[in-house]
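Inspection log for the structure reproduced underneath, given as structure tokens.
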């Protein structure tokens, strides 16, 4: 029997049983797929978090075992390797480690050098790690040789010696991690350091060799054995040379102004009380009479008193000195007595008197006393 509903619309029969079951299975698969995808997304997120947490700060990767869920909802273990480089903003601090450096200061022995010639100061026995800037030489006495800075830096320094006979002193400072060590050195500047003879009226002996360590005692002995060497005199007491004229031969000069340690101060003159003709300078070459107080004895009857006579010399320098002639002798057998002359130039290429005073005494009747007499060739 057939039933026709209103409108003559045919009634669809119910789904066949096999089709209904197929549709239910498709719906279940779709739901499982959605659930699986959702769980998978969560797992991926977890994997990322774990990988980030296990990535080292230097950007290297680590391997982690994480749970994984497949599309069916089943859970299994899988090993996931991740690689991640993290870029971070960081500040780097540098720590400087200071190695212990002992402060050792040894300026070496005192120096004897030629004037107007470079000399070298050397710090001895420094610790191997001592930097150059930790070593400083500060000048403490003498004409400046540091170029106006007052000090020189480095374990080995070179400086120019002054053009004058003088004494320089330096203090060596060496800085270390344990403090600052110091030492002193003296640089004695001579006309010719290898041709020098020394006189000490207190500690010297005329049997000595005349070296700095073993000086002579008298100026007379020093001049007598000089043989072209320069004579350096310690300024102590007075030196009596009144028994005979000091014959200052070729290439020899006289320098006073030294103390017991052979430090020079030209204002501290060496005192020499000489004969009526106190010093006769002869021979060619450039010569110096420096930092002395030289007085000639008064002349005897008809005798002149001359403190310095320059006789056929090259260039004579009289510096930082006081030159005094005694009185001329009275007349005995001739109409006029003796003259008094501080510096008598009997023949010279040039005579230069600097920072010095020259005085003549009283001449005999008919003759005047004078400071300087004679004439140089230029």
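Residue numbers (my numbering): 6 to 383. Backbone N, C-alpha and C define an ideal beta-carbon position, used for all residues, glycine too.
| Item | Value |
| --- | --- |
| Could you pull out every residue in the same chain whose Cβ sits closer than 6 angstroms to the Cβ of residue 94, ignoring the five residues on either side in sequence? | Note that residue 94 scores 47 on pLDDT, short of 50, meaning its location in the model is unreliable and no value can be drawn from it. |
| So the candidates are 242, 253, 186, 219; which of them puts its Cα closest to the Cα of residue 228? | 253 |
| Go ahead and pull the three-state DSSP assignment for residue 137. | helix |
| Tell me the rounded alpha-carbon separation between residue 266 and residue 201. | 16 angstroms |
| Do residue 238 and residue 280 come within 8 angstroms of each other at the CB atom, strictly closer than that value? | no |
| In angstroms with no decimal places, state the Cα-to-Cα distance between residue 329 and residue 246. | 15 angstroms |
| So, are the CB atoms of residue 269 and residue 172 less than 8 angstroms apart? | yes |
| How about residue 141 and residue 158: are their beta carbons less than 8 angstroms apart? | yes |
| Sorted by chain position, which residues of the same chain lie with C-beta nearer than 6 angstroms to residue 205's C-beta, five sequence neighbours on each side aside? | 220, 239 |
| Should residue 360 be labelled buried (16 or more other beta-carbon atoms within 10 Å of its own) or exposed? | exposed |
| Name the one or two DSSP bridge partners that residue 355 has. | 320 |
| Helix or strand or just coil, what does DSSP make of residue 107? | coil |
| Does DSSP classify residue 271 as helix, strand or coil? | coil |
| So who's on the other strand from residue 335, going by DSSP bridges? | The partner list for residue 335 (beta bridge, DSSP) is empty, contrary to what the question assumes. |
| Contact defined as beta carbons within less than 8 angstroms: I believe residue 296 pairs with residue 262. What is the distance between those atoms, to the nearest angstrom? | 3 angstroms |
| Would you mind sorting residue 197 into buried or exposed? The rule is 16 or more other CB atoms within 10 Å of its CB. | exposed |
| What residue range is occupied by the uninterrupted beta strand (DSSP E) comprising residue 289? | 282 to 295 |
| Mind checking residue 100: buried by the 16 CB within 10 Å criterion, or exposed? | Since pLDDT at residue 100 reaches only 44, below the 50 mark, its modelled position is unreliable, and the value read off the structure follows with that caveat. Classification of residue 100: exposed, given that the 10 Å Cβ count is below 16. |
| Which whole runs of the beta strand (DSSP E) in the region 166 to 220 are 3 residues long or more, in chain order? | 171 to 181, 184 to 195, 201 to 204 |
| Helix or strand or just coil, what does DSSP make of residue 368? | coil |
| With a threshold of 7 angstroms on Cβ separation, who are the neighbours of residue 211 within its own chain once the five nearest residues in sequence on each side are excluded? | 221, 222, 223, 226 |
| Once you ignore the five residues that flank residue 338 on each side, which residues in its own chain have a CB closer than 7 angstroms to its CB? | 307 |
| Only counting the same chain, and skipping five residues up and downstream in sequence, which positions put a Cβ closer than 7 angstroms to that of residue 180? | 108, 139 |
| On the DSSP bridge list, what partners appear for residue 278? | 245, 300 |
| Who are residue 236's beta bridge partners in DSSP? | 202, 259 |
| So, helix, strand or coil for residue 132, using DSSP? | coil |
| Could you say which of 134, 244, 129, 207 lies nearest to residue 113 if we only look at CA atoms? | 129 |
| Evaluate the contact criterion for the region 161 to 168 versus the region 180 to 190: three or more CB pairs, one atom per stretch, below 8 angstroms. | no |
| Determine the extent of the beta strand (DSSP E) in which residue 117 is found, giving its start and end residues. | 116 to 119 |
| Using three-state DSSP, classify residue 150 as helix, strand or coil. | coil |
| Does the beta-carbon of residue 284 have 16 or more other beta-carbons within 10 angstroms, so that it is buried, or is it exposed? | buried |
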